[in-house]
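Residue numbers (this note's numbering): 127 to 263.
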């Protein structure tokens, strides 16, 4: 886990090796279904699909409904005004790439697990701001 903001970066750099590994252990599970990129939900009666959006965590998925609404879990946060960046991410470069995938869906509303809904314009601004950090890599 890496902090994506100055405060969370400081916390993860100084405390993760002392506390996080000790108190946040979990036993991994084998999934019933592996989704590499996209999984169509229409056979189940939904007009939508699952989209792999890793970055915050390796197996993150978003639910895209009618290319209008995206239920994004922790791929975005809606806690701070004008921001979508989560406080921590397993892979920041992959997280920003997932934001690009979400923008390509055409959705106009993004529903994060934390905070309030975000509109397309906020995600576009944040994507443009943060992608510059990874264009050189």
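Backbone N, C-alpha and C define an ideal beta-carbon position, used for all residues, glycine too.
Mark residue i as exposed unless 16 or more other C-beta atoms lie within 10 angstroms of its C-beta, in which case mark it buried.
| i | result |
| --- | --- |
| residue 224 | buried |
| residue 236 | buried |
| residue 171 | exposed |
| residue 190 | buried |
| residue 169 | exposed |
| residue 251 | exposed |
| residue 212 | buried |
| residue 184 | exposed |
| residue 210 | buried |
| residue 155 | exposed |
| residue 249 | buried |
| residue 244 | buried |
| residue 196 | buried |
Beta carbon of residue i, beta carbon of residue j: below 8 Å?
| i | j | result |
| --- | --- | --- |
| residue 219 | residue 177 | no |
| residue 205 | residue 240 | yes |
| residue 167 | residue 175 | yes |
| residue 222 | residue 260 | yes |
| residue 100 | residue 179 | A question about residue 100 goes unanswered here, because the residues of the chain that appear run from 127 up to 263. |
| residue 238 | residue 203 | yes |
In this structure, does DSSP put residue i in helix, strand or coil?
| i | result |
| --- | --- |
| residue 215 | strand |
| residue 156 | coil |
| residue 246 | helix |
| residue 254 | helix |
In the DSSP assignment, what residue or residues form a beta bridge with residue i?
| i | result |
| --- | --- |
| residue 238 | 199 |
| residue 223 | Residue 223 pairs with nothing; no bridge assigned. |
| residue 178 | 187 |
| residue 261 | Note: residue 261 sits in no beta bridge, so no partner. |
| residue 165 | 176 |
| residue 204 | 241 |
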